[in-house]
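**Student:** Going left to right, the sequence shown walks through residues -18 to -1, 1 to 258 as mature numbering (1 follows the signal peptide of the UniProt record, and there is no 0) numbers them. The beta carbon of each residue, even a glycine, is placed where N, CA and C say it ideally should be.
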Amino acid sequence: MFSAKLLVQALLATAVLAIPNSKERLATRTARRQGKPANLISAAKVTTNEFAVQEELSSNWAGAILIADTATYVSVTGTFTVPNVLTDNDNVMECAAAWVGIDGSTGCEGAILQTGIDFCVASDEKTQSFDAWYEFFPADVNFFDGFPLSVGDSITATATVFTPTSGSLTLINNSKDVTMSVNVTSSTASLCQTNAEWIIEDYTSDPELPNWGTVTFTDAFATTLSGAQVTPGDGDATLIDIELFSPDFEEDEVMTQSSVDGNTVAVKYAPALGGF
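(1) From the beta carbon of residue 244, is the nearest beta carbon of chain D less than 8 Å away?
(2) Hey, residue 246 and residue 200 are a contact pair by Cβ (cut 8 Å); roughly how many whole angstroms apart?
(3) Are the segment 81 to 89 and the segment 51 to 61 in contact at 8 Å, needing three or more beta carbon pairs?
(4) Pick helix, strand or coil for residue 126, following the three-state DSSP scheme.
(5) Under the three-state reduction of DSSP, which class applies to residue 41: helix, strand or coil?
(6) If you follow the beta strand (DSSP E) that residue 194 is part of, which residue opens it and which one closes it?
(7) In chain order, what residues of the same chain lie with their CB nearer than 6 Å to the CB of residue 205, ignoring the 5 residues before and after it?
(8) Going by DSSP, what residue range makes up the beta strand (DSSP E) through residue 96?
(9) Check whether the Cβ atoms of residue 216 and residue 225 lie closer than 8 Å to each other.
(10) Residue 67 and residue 123 - do their beta-carbons sit closer together than 8 Å?
(11) Going by DSSP, what residue range makes up the beta strand (DSSP E) through residue 116?
(12) Based on Cα-Cα distance, which residue from 128, 167, 99 and 88 lies nearest to residue 120?
(13) For residue 197, which residues in the same chain have their Cβ closer than 7 Å to its Cβ, ignoring the five residues on either side in sequence?
(14) Pull the bridge partners of residue 77 from the DSSP assignment, please.
(15) Decide if residue 236 is buried, meaning its Cβ has at least 16 other Cβ atoms within 10 Å, or exposed.
(16) Span of the beta strand (DSSP E) holding residue 136?
(17) Kindly indicate the opening and closing residues of the beta strand (DSSP E) around residue 162.
(18) Helix, strand or coil: how does DSSP classify residue 17 here?
(19) Per DSSP, what are the beta-bridge partners of residue 210 in this structure?
(20) Can you have a look at residue 259 and say buried or exposed, based on whether 16 or more other CB atoms are within 10 angstroms of its CB?
Structure, rendered in structure tokens:
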């Protein structure tokens, strides 16, 4: 199995950058995920801030996570706007993803039920690409073929658990009145239902991130087994920010600034500010 690092190096060596197609995006995602340890959230450092009880640093996730000790969450939803992604770097292609999901964090790293969109930008800042997808990790990602995505579109993402090994994943383009949904099952993964997440993910091994400005998940809530709806603010969500190695400073740099306010989760691209 080739590594995501080799894939990125090959892309950077190309004189004229091209946005990857869905097949190439799938290869990148598969290589990235298979190359990660079971604990997808790595190198956690805990602190306090004005927004939440604690904050952690990750090599690939930014956003907010509701954490329960026992099986609690049966669905998670959030609405966000497709960002206008930019880059200041030359001869690069940078990608990230916005999604909602169940599990994959503390205590249940081996399974994630998730859906969202990828966004990529080439170095001319004029070539952007978006894909809608769903995944019952550790199975490969799948794409909602034909799902329309444009900058400024309002997207609602929902992940729903039926049983620990089955569920549904739904994306709605509110701006274009398009809904796509799929039921999924797994023979290799079992959900713990202890995490509900609103995440921006660096799913490549590129040390740079695209500038997405701020992606804000609104109307964000998780539904519990009892039928109660819990917002990130109500549930004392844990904040998480992406920390990457910076070639410019030859040290780790916090690249995002996440915050929670009631039923809103905001993830700002903010390498100069850091997460705290």
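**Tutor:** Let's see:
(1) Of the protein chains in the structure, only one exists, and it is not chain D.
(2) Taking the Cβ atoms as the reference, residue 246 lies roughly 5 Å from residue 200, within the contact range of under 8 Å.
(3) Touching, yes, given that three or more Cβ pairs across the two stretches are closer than 8 Å.
(4) Residue 126 falls in the coil class under three-state DSSP.
(5) Correct three-state label for residue 41: coil.
(6) Under the DSSP assignment, residue 194 falls outside any beta strand (DSSP E); it carries neither an H nor an E label.
(7) The answer, listed in chain order, is 56, 57 and 211.
(8) Here the beta strand (DSSP E) through residue 96 covers 94 to 104.
(9) Contact: no.
(10) Going by C-beta atoms, residue 123 is not nearer than 8 Å to residue 67.
(11) 110 to 119 is the extent of the beta strand (DSSP E) around residue 116.
(12) Of the residues 128, 167, 99 and 88, the one whose Cα lies closest to the Cα of residue 120 is 167.
(13) So the qualifying residues of the chain are 62, 65, 80, 182 and 249.
(14) Within the DSSP secondary-structure output, residue 77 pairs in a beta bridge with 102.
(15) It counts as buried.
(16) 136 to 145 is the span of the beta strand (DSSP E), which, as asked, contains residue 136.
(17) Segment 160 to 167, the beta strand (DSSP E) holding residue 162.
(18) In this prediction, residue 17 has a pLDDT of 39, which is less than 50 and means its spatial position is unreliable; what the coordinates show is noted afterwards. It is coil, neither helix nor strand.
(19) Bridge partners of residue 210: none, in fact.
(20) Outside the modelled stretch of the chain, which goes from -18 to 258, sits residue 259, for which no answer is possible.
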